[in-house]
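A.B. asks:
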Amino acid sequence: MAFSISNAKPFSLTSLSSSNKQNWNIAQDHALASSSLQYADNYRNKDDNTSCFGVQHAKKLEVCRNVLRNVVAEAEELDPSEGLSMIDAVQRLNIDYHFQEEIEAILRGQYVKYITHGEYGHHDELHVVALRFRLLRQQGYYVAPDVFNKFKDEEGKFNKELSEDIEGLMALYEASQLNVEGEDVLDEAGKFCEQLLNAWEKDGENINHTRVVLNTLEHPYHKSLACFMAKEFFDNSQGGWLNDLLQLAKMDFNMAQSMHEKEIAQISKWWGDLGLAKELKFARNQPLKWYICSMVCLVDPDLSDERVELTKSISLIYIIDDIFDVHGTLEELTLFTEVINKWDFGAFDQLPEYMKICFKALYDITEEISQKIYQKHGSNPLNSLRKLWASLCNAFLVEARWFASGQSPKSKDYLENAIVSSGVHVVLVHTFFLLGQRLTEETGNLVENMPDIISSPATILRLWDDLGSAMDESQDGCDGSYIEYYMKEHQDCSIKEAREKVVNMISDAWKRLNKECLSPNPFLASFTKASLNIARMVPLLYNYDENHGLPSFEEHVKSVLYESVSV
Numbered sequence: 001m002a003f004s005i006s007n008a009k010p011f012s013l014t015s016l017s018s019s020n021k022q023n024w025n026i027a028q029d030h031a032l033a034s035s036s037l038q039y040a041d042n043y044r045n046k047d048d049n050t051s052c053f054g055v056q057h058a059k060k061l062e063v064c065r066n067v068l069r070n071v072v073a074e075a076e077e078l079d080p081s082e083g084l085s086m087i088d089a090v091q092r093l094n095i096d097y098h099f100q101e102e103i104e105a106i107l108r109g110q111y112v113k114y115i116t117h118g119e120y121g122h123h124d125e126l127h128v129v130a131l132r133f134r135l136l137r138q139q140g141y142y143v144a145p146d147v148f149n150k151f152k153d154e155e156g157k158f159n160k161e162l163s164e165d166i167e168g169l170m171a172l173y174e175a176s177q178l179n180v181e182g183e184d185v186l187d188e189a190g191k192f193c194e195q196l197l198n199a200w201e202k203d204g205e206n207i208n209h210t211r212v213v214l215n216t217l218e219h220p221y222h223k224s225l226a227c228f229m230a231k232e233f234f235d236n237s238q239g240g241w242l243n244d245l246l247q248l249a250k251m252d253f254n255m256a257q258s259m260h261e262k263e264i265a266q267i268s269k270w271w272g273d274l275g276l277a278k279e280l281k282f283a284r285n286q287p288l289k290w291y292i293c294s295m296v297c298l299v300d301p302d303l304s305d306e307r308v309e310l311t312k313s314i315s316l317i318y319i320i321d322d323i324f325d326v327h328g329t330l331e332e333l334t335l336f337t338e339v340i341n342k343w344d345f346g347a348f349d350q351l352p353e354y355m356k357i358c359f360k361a362l363y364d365i366t367e368e369i370s371q372k373i374y375q376k377h378g379s380n381p382l383n384s385l386r387k388l389w390a391s392l393c394n395a396f397l398v399e400a401r402w403f404a405s406g407q408s409p410k411s412k413d414y415l416e417n418a419i420v421s422s423g424v425h426v427v428l429v430h431t432f433f434l435l436g437q438r439l440t441e442e443t444g445n446l447v448e449n450m451p452d453i454i455s456s457p458a459t460i461l462r463l464w465d466d467l468g469s470a471m472d473e474s475q476d477g478c479d480g481s482y483i484e485y486y487m488k489e490h491q492d493c494s495i496k497e498a499r500e501k502v503v504n505m506i507s508d509a510w511k512r513l514n515k516e517c518l519s520p521n522p523f524l525a526s527f528t529k530a531s532l533n534i535a536r537m538v539p540l541l542y543n544y545d546e547n548h549g550l551p552s553f554e555e556h557v558k559s560v561l562y563e564s565v566s567v
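Following this line, the structure appears as C-alpha cells:
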C-alpha cells in the first residue's frame with residue numbers, strides 16, 4: 001500500500017479496477033490542476049514583494065515582529081503567560097515561520113528558569129502550566145510531566161474541582177498529546193480531560209464555546225495540520241495584538257494561495273509533458289493530490305522548488321503501487337523488482353512495454369532530483385535513493401507473493417513489511433535530502449533501517465488504513481490487514497478487541513514519534529515537522545464516507561487552495 005489516498009489495499013494485484021483507485025475527486029483532480037495553468041499565467045510577472053499588497057504585508061509583519069520583540073525585551077517585567085499566548089496564536093494562525101527567533105528566545109527563557117531555578121509556575125493556573133508545557137515540548141525542550149502533580153489530590157487523582165475550569169482542561173488535553181512512552185500521568189490527564197470536556201460539550205449552552213471545545217477534542221493542535229486549521233482560528237481571534245496577527249495571517253493565507261497555484265501549474269505541466277497518464281491508462285492521474293502531500297510535508301514558503309521535486313517522487317510511488325496492485329502479473333513484478341534493484345538497463349529489454357516506460361521515468365526523475373540536490377547542497381544522494389526505491393518494490397513484491405500464494409502472514413511480519421510498502425520512507429528520505437541534510441554517523445541508518453522518525457508515521461498510516469478496512473463491510477476479505485491477521489492468530493479475539501489493540505498501537509507510535517522530536521536529535525526542525533505532518537494528515541486521508549469519498553479532506557483542500565479570505 002503506497003503512501004496514498006486510495007481505497008486500494010496492499011494485496012490486490014488484479015481484483016481492484018482502476019476506477020476503484022480513482023476515488024479522489026475535488027472536481028476531477030487533473031482538470032483543476034490544469035486550470036491553474038491559466039491562473040498562474042496571470043501572476044507569472046507579479047512580484048508580491050514589490051506589489052502594493054506585498055508592501056502592506058511587509059509593514060504588518062514588522063508591526064507583529066516588534067510586538068514579539070517587546071515581549072522578549074521585557075520578559076522580566078511582563079506576565080510570562082502573555083508571551084506564551086502570543087506564541088500559541090501565531091502557531092495556530094500558521095504564521096510562526098516568520099517569528100522563529102522570537103519564539104525560540106521566549107521559550108528558551110522559560111526553559112532556563114525551569115531547569116536552573118525549578119520555576120515552573122507554582123502559582124500559575126492550569127491553562128498556563130499546560131500551555132507552557134506544550135509549547136516547550138513542541139520546541140524540543142523536555143519538561144517532566146510531574147509539573148501537573150500540583151493539580152492532583154491526596155489520592156493521586158486529578159482534582160474534581162478542575163471540572164469547572166474548561167480553559168484549563170482544554171490546555172491540559174492539548175498538552176497530553178505530546179506524551180512519550182512511560183508517562184502515565186499524561187495518559188491519565190488525556191482521559192480525564194476527554195471525559196469532562198465531552199460531558200461539557202454535550203451540555204454546553206453557549207454554541208461558540210461548545211464549538212471551541214469540540215474542535216479541541218477533534219483537532220488538538222499537536223495532531224492537526226496548521227495549514228488546514230488556521231481559518232478556524234481566524235473566526236476566534238480578536239482584540240489587542242491579536243488583530244495585527246490576524247491581519248498578517250490573512251495576508252499570508254492569500255499569498256500562499258497564489259504560490260500554491262503557481263506550483264500546481266508547474267506540476268500539471270510537468271505531468272502532462274511526462275506522458276505517463278496517456279501511456280499507463282490503468283494508473284492514477286491525480287497530480288493535485290500528489291502535490292498536496294508535498295505541500296503538507298514542506299510547509300516553508302521558501303521551499304517551492306523542493307515541493308515540486310517531492311511531488312514528482314510521490315507521483316512515482318502511486319504509479320508503481322498501481323503496477324503492483326492492479327496490472328502486473330507476479331512474473332512481471334518479479335522481473336521489474338530485479339531491474340529496480342540493479343538500477344541499470346541490462347535487463348530492460350525483458351520488461352513489458354508499460355514497465356519500460358515506468359522504469360525509464362523513475363530512472364530519469366531520480367537522476368534529475370539527485371543532480372539538483374548536488375548542485376544546491378554539494379552532496380549527491382543517488383545511491384541512497386536507488387536503495388530507497390528498491391526497498392519499496394521489494395516490499396510490494398512480498399505482498400504480491402503473499403496474495404498470489406494465498407498465504408496469511410503473521411501480523412508482526414505483515415506490519416514490518418507494510419511499514420515499508422506504505423511509501424512513507426520514500427517521501428521522508430527524499431525530504432531529508434531536499435532539505436540539504438547529509439548522511440552522518442547519526443543519520444546513516446535513515447535509508448536501510450528506518451529510525452522511529454520515519455517508521456512511526458509509517459506505522460500510523462498503515463494502521464489507520466487497516467482500521468478503515470476492518471469497518472468496511474464491502475471488502476471481499478482478500479485485501480489483508482493487521483486486524484485480519486491478528487485475529488487469525490488469536491481466535492478468541494473479537495473485532496472490537498482487535499480494533500482497540502490497533503488504536504493503542506497508533507497511540508504508541510505517536511509516543512515514539514514525540515520522543516524523536518525532542519532535543520537533542522540529528523534532524524533539522526523542518527524535517528521533524530515533515531514527519532509530524534505526515535502523521536497529522538493520516539486521519540484526513542482515511543476518513544471515508546459511505547461512498548468511499550473524502551469529503552472532509554476535500555473541504556480542507558478547497559478552503560486552502562481555492563477560497564481566499566478578505567483582509
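All residue numbers for the sequence shown refer to full-length UniProt numbering, where the first residue is 1 and numbers rise by one. Ideal Cβ positions, reconstructed from N, Cα and C, are used throughout, including at glycine.
Taking C-alpha atoms, which residue in Leu107, Arg512 and Ile365 lies nearest to Leu178?
C.D. replies: In the sequence shown, counting from the first residue as 1, residue 178 sits at position 178. Of Leu107, Arg512 and Ile365, the residue nearest in Cα terms is Arg512.
A.B. asks: Decide if Lys376 is buried, meaning its Cβ has at least 16 other Cβ atoms within 10 Å, or exposed.
C.D. replies: For the purposes of this step, residue 376 is identified with residue 376 of the sequence shown, where counting begins at 1. The residue in question, Lys376, is exposed, as its Cβ has fewer than 16 Cβ neighbours within 10 Å.
A.B. asks: Are Gly182 and Ser519 close, meaning C-beta to C-beta below 8 Å?
C.D. replies: Start at 1 with the first residue of the sequence shown, and residue 182 comes out as number 182. Start at 1 with the first residue of the sequence shown, and residue 519 comes out as number 519. It is not a contact, given that the beta carbons lie outside the stated cut-off.
A.B. asks: What residue does the alpha helix (DSSP H) around Asn198 start on, and which one ends it?
C.D. replies: Numbered from its first residue, the sequence shown carries residue 198 at position 198. First-last of the alpha helix (DSSP H) with Asn198: Asp184 to Asp203.
A.B. asks: On the DSSP bridge assignment, give the partners of Phe345 in chain order.
C.D. replies: Here residue 345 refers to the residue found at position 345 when the sequence shown is read from its first residue. Paired residue(s): none; Phe345 is not in a bridge.
A.B. asks: Taking C-beta to C-beta, are Trp343 and Ser315 nearer than 8 Å?
C.D. replies: As a first step, residue 343 must be located in the sequence shown, where it is residue number 343. As a first step, residue 315 must be located in the sequence shown, where it is residue number 315. Against a cut-off of 8 Å, the Cβ pair of Ser315 and Trp343 comes out as no contact.
A.B. asks: What three-state label does DSSP hand Phe133 in the structure shown?
C.D. replies: The residue given as residue 133 occupies position 133 in the sequence shown. The answer is helix: DSSP assigns Phe133 an H, G or I state.
A.B. asks: Helix, strand or coil: how does DSSP classify Phe523 here?
C.D. replies: Locating residue 523 in the sequence shown gives position 523, where the first residue counts as 1. The answer is coil: DSSP assigns Phe523 none of H, G, I, E or B.
A.B. asks: Given this structure, state the Cα-to-Cα distance separating Gln195 from Glu306, to the nearest angstrom.
C.D. replies: Reading the sequence shown from its first residue, position 195 is the one you call residue 195. Reading the sequence shown from its first residue, position 306 is the one you call residue 306. For Gln195 and Glu306, the distance between alpha carbons rounds to 43 Å.
A.B. asks: If we ignore side chains and look at the alpha-carbon of each, how far apart do Ala404 and Gly275 end up?
C.D. replies: The residue labelled residue 404 in the question sits at position 404 within the sequence shown. The residue labelled residue 275 in the question sits at position 275 within the sequence shown. Each residue's Cα considered, the two are about 31 Å apart.
A.B. asks: Could you pull the DSSP bridge partners for Phe158 from this structure?
C.D. replies: The sequence position of residue 158 within the sequence shown is 158, counting from 1. Paired residues: Lys152.
A.B. asks: So His430 packs on Leu310, CB below 8 Å; how close in whole Å?
C.D. replies: Residue mapping note: residue 430 aligns to position 430 of the sequence shown, counting from 1. Residue mapping note: residue 310 aligns to position 310 of the sequence shown, counting from 1. Yes, His430 and Leu310 are in contact; Cβ-Cβ is about 6 Å, under 8 Å.
A.B. asks: Do Leu463 and Val502 have their C-beta atoms closer together than 8 Å?
C.D. replies: Reading the sequence shown from its first residue, position 463 is the one you call residue 463. Reading the sequence shown from its first residue, position 502 is the one you call residue 502. Taking 8 Å as the Cβ cut-off, Leu463 and Val502 qualify as a contacting pair.
A.B. asks: Identify the continuous alpha helix (DSSP H) that holds Ser258 and give its terminal residues.
C.D. replies: In the sequence shown, residue 258 corresponds to position 258, counting from 1. Per DSSP, Ser258 belongs to the alpha helix (DSSP H) from Trp241 to Leu274.
A.B. asks: Whose C-beta lies closer than 6 Å to the C-beta of Ala509 among residues of the same chain, with five residues either side of it excluded?
C.D. replies: Locating residue 509 in the sequence shown gives position 509, where the first residue counts as 1. Result list for Ala509: Ser456, Thr459 and Ile460, in chain order.
A.B. asks: Which word fits Glu189, buried or exposed, when buried means at least 16 other C-beta atoms lie within 10 angstroms of its C-beta?
C.D. replies: If you number the sequence shown from 1, residue 189 lands on position 189. One point to set straight first is that residue 189 is Ala, not Glu, in the sequence displayed. With 16 or more Cβ atoms within 10 Å of its Cβ, Ala189 is classed as buried.
A.B. asks: Measure the CB-CB distance between Leu382 and Ser391 and report whether it falls below 8 Å.
C.D. replies: Your numbering for residue 382 matches position 382 in the sequence shown. Your numbering for residue 391 matches position 391 in the sequence shown. Taking 8 Å as the Cβ cut-off, Leu382 and Ser391 do not qualify as a contacting pair.
A.B. asks: Here's the rule I'm using: 16 or more other beta-carbon atoms within 10 Å means buried, otherwise exposed. How should Arg137 be labelled?
C.D. replies: Counting from 1 along the sequence shown, the entry for residue 137 is found at position 137. With 16 or more Cβ atoms within 10 Å of its Cβ, Arg137 is classed as buried.
A.B. asks: So what does DSSP say about Glu563, is it helix, strand or coil?
C.D. replies: Within the sequence shown, the letter at position 563 stands for residue 563. Coil, per DSSP.
A.B. asks: Taking C-alpha atoms, which residue in Tyr374, Ala89 and Asp203 lies nearest to Arg438?
C.D. replies: By 1-based counting over the sequence shown, the position of residue 438 is 438. Per the Cα distances, Tyr374.
A.B. asks: So, do the stretch 323 to 337 and the stretch 443 to 451 have three or more beta carbon pairs nearer to each other than 8 Å?
C.D. replies: no
A.B. asks: Take Ala256 as the anchor and find which of Gly239, Glu218 and Asp302 has the nearest alpha-carbon.
C.D. replies: One-based indexing of the sequence shown puts residue 256 at position 256. Nearest C-alpha to Ala256: Asp302.
A.B. asks: For Ser379, which residues from the same chain have a beta carbon less than 6 Å from its beta carbon, with the 5 sequence-adjacent residues on both sides left out?
C.D. replies: In the sequence shown, the residue the question calls residue 379 occupies position 379. Answer for Ser379: Arg438, listed in chain order.
A.B. asks: Relative to the alpha-carbon of Gly118, which residue among Arg92, Asp146 and Cys297 has its alpha-carbon at the smallest distance?
C.D. replies: Your numbering for residue 118 matches position 118 in the sequence shown. When only C-alpha atoms are compared, the closest one is Asp146.
A.B. asks: Does the structure place the stretch 90 to 99 close enough to the stretch 142 to 161 that three or more beta carbon pairs sit under 8 Å?
C.D. replies: no
A.B. asks: By alpha-carbon positions, which one of Tyr542, Phe133, Glu279 and Val180 ends up nearest to Pro352?
C.D. replies: Indexing the sequence shown from 1 puts residue 352 at position 352. It is Glu279.
A.B. asks: Sorted by chain position, which residues of the same chain lie with C-beta nearer than 8 Å to His57's C-beta, five sequence neighbours on each side aside?
C.D. replies: Working through the sequence shown from its first residue, we reach residue 57 at position 57. Cβ neighbours of His57 within its own chain (closer than 8 Å, five residues either side excluded): Asp48, Leu248, Met251, Asp252 and Met255.
A.B. asks: Using the three-state DSSP reduction, which class does Thr366 fall into: helix, strand or coil?
C.D. replies: Position 366 of the sequence shown, counted from the first residue, corresponds to residue 366. Helix, per DSSP.
A.B. asks: Give a yes or no on whether the C-beta atoms belonging to Val112 and Leu84 are separated by under 8 Å.
C.D. replies: For the purposes of this step, residue 112 is identified with residue 112 of the sequence shown, where counting begins at 1. For the purposes of this step, residue 84 is identified with residue 84 of the sequence shown, where counting begins at 1. No Cβ-Cβ contact shorter than 8 Å links Val112 with Leu84.
A.B. asks: Exposed or buried, which one is Lys59 when buried takes at least 16 other CB atoms within 10 Å?
C.D. replies: The residue labelled residue 59 in the question sits at position 59 within the sequence shown. Exposed: under 16 other Cβ atoms inside 10 Å.
A.B. asks: If we ignore side chains and look at the alpha-carbon of each, how far apart do Ala395 and Met450 end up?
C.D. replies: Position 395 of the sequence shown, counted from the start, is the residue given in the question as residue 395. Position 450 of the sequence shown, counted from the start, is the residue given in the question as residue 450. Taking the straight line joining both Cα atoms gives about 14 Å.
A.B. asks: Helix, strand or coil for Val308 per DSSP?
C.D. replies: Working through the sequence shown from its first residue, we reach residue 308 at position 308. Val308 falls in the helix class under three-state DSSP.
A.B. asks: Does DSSP classify Ser552 as helix, strand or coil?
C.D. replies: On the sequence shown, position 552 is the one that residue 552 refers to. Three-state DSSP puts Ser552 in a helix.
A.B. asks: By the three-class DSSP mapping on this structure, what secondary structure does Phe359 have?
C.D. replies: Translated into the one-based positions of the sequence shown, residue 359 becomes position 359. Note: Phe359 maps to helix in three-state DSSP.
A.B. asks: Please go through the same chain and pick out, in chain order, the residues whose beta-carbon is closer than 8 Å to the beta-carbon of Ala130, but skip the five residues on each side of it.
C.D. replies: Within the sequence shown, numbered from 1, the residue matching residue 130 stands at position 130. Excluding residues within five positions, the ones whose Cβ falls inside 8 Å are Phe148, Gly168, Ala171, Leu172, Glu174 and Ala175.
A.B. asks: Taking the straight line between their C-alpha atoms, what separation do you get for Asn208 and Glu62?
C.D. replies: The sequence position of residue 208 within the sequence shown is 208, counting from 1. The sequence position of residue 62 within the sequence shown is 62, counting from 1. In a straight line, the C-alpha of Asn208 is about 32 Å away from that of Glu62.
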